[in-house]
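Read the structure below first, then the notes.
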Amino acid sequence: MDGAFAELRAFGLELQAQEYWFPQLLTGLLNATLREYQHLRLGLQHSTAMVAWACRNLLDLHIYTQYALSAEEHARRLVGERLIDGIEIFDSFQTWLARNDAELVPPAVADALFALTEQLADAGLVETPPLKLKRIAADVGLADEWANMARLSLKLAQPNAFSVLGDESEIASLKPILFRAGAGHGLEILRAMQERQNGQSTGMR
């Protein structure tokens, strides 16, 4: 499996050398896939919660990849979503921290919010609603997989009465199955990108 993900890393380096926006989008997806694979490996060794969450994240990345590859409009929409997500991250952080002490909010947070909001306006995306992963999972044929994994990962990755009062050994047998599933999503990402590159010109520049 490590060898297969080494191929994914090498493919990402090839894409990174291309300066067009579309290869850069794919590079971002591949880099995130590699990070989650490392979390998956750590989870296999140490934590069912970690391997479950990494498996879920790899599924999410698989969904985003299939969505981006399905149409140029979708790929550009995903690029714009970076601004929407960034604003939500910094705004929620600022709101949370300001409730304790407004002076604790780093100036860089307000600067980032301002810059992202300006970029969103320049891109004409102010009125664009956020992407819903549930919806795009259905669009790419992964609705059932996402619904079931979302439920399972929530139970395994977050504290609940069973995990708090039980023992890791009770669910340890789930780890290798989740590892294989998560790694499978990672390899599907690579396969889909390679097929797209080898099979047809994207025209997405």
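When we follow our numbering, the leftmost residue of the sequence shown carries the number 70, and every step to the right adds one. For each residue, glycine too, the CB sits at the ideal point set by N, CA and C.
Residue 106 is classed as buried because its beta carbon has at least 16 other beta carbons within 10 Å across all chains shown. Residue 113 and residue 214 have their C-alpha atoms spaced approximately 21 Å apart. In terms of Cβ geometry, residue 166 and residue 148 do not form a close pair [threshold 9 Å]. Taking 8 Å as the upper bound for CB-CB distance, residue 255 and residue 82 are not in contact here, some 16 Å apart. When Cβ pairs closer than 8 Å are counted between the two stretches, the segment 136-155 is seen not to touch the segment 215-234, the count staying below three. In this structure, residue 144 and residue 94 form a Cβ contact; the two beta carbons are roughly 6 Å apart against a cut-off of 8 Å. The beta carbon of residue 70 lies closer than 7 Å to those of 252 in the same chain, with the five residues before and after it left out. Sequence-distant partners of residue 200 (beyond 5 residues in either direction) whose C-beta falls short of 6 Å from its own C-beta, in its chain, are 150.
Residue 250 is positioned such that its CB atom lies closer than 9 Å to that of residue 128. Distance from the Cα of residue 198 is smallest, within the candidate group 98, 161, 225, 156, for 156. The criterion of a C-beta distance shorter than 9 Å is satisfied by residue 237 and residue 116. Across the set 268, 227, 260, the C-alpha of 227 shows the shortest separation from the C-alpha of residue 120.
Secondary structure at residue 209: coil, using DSSP grouped into helix, strand and coil.
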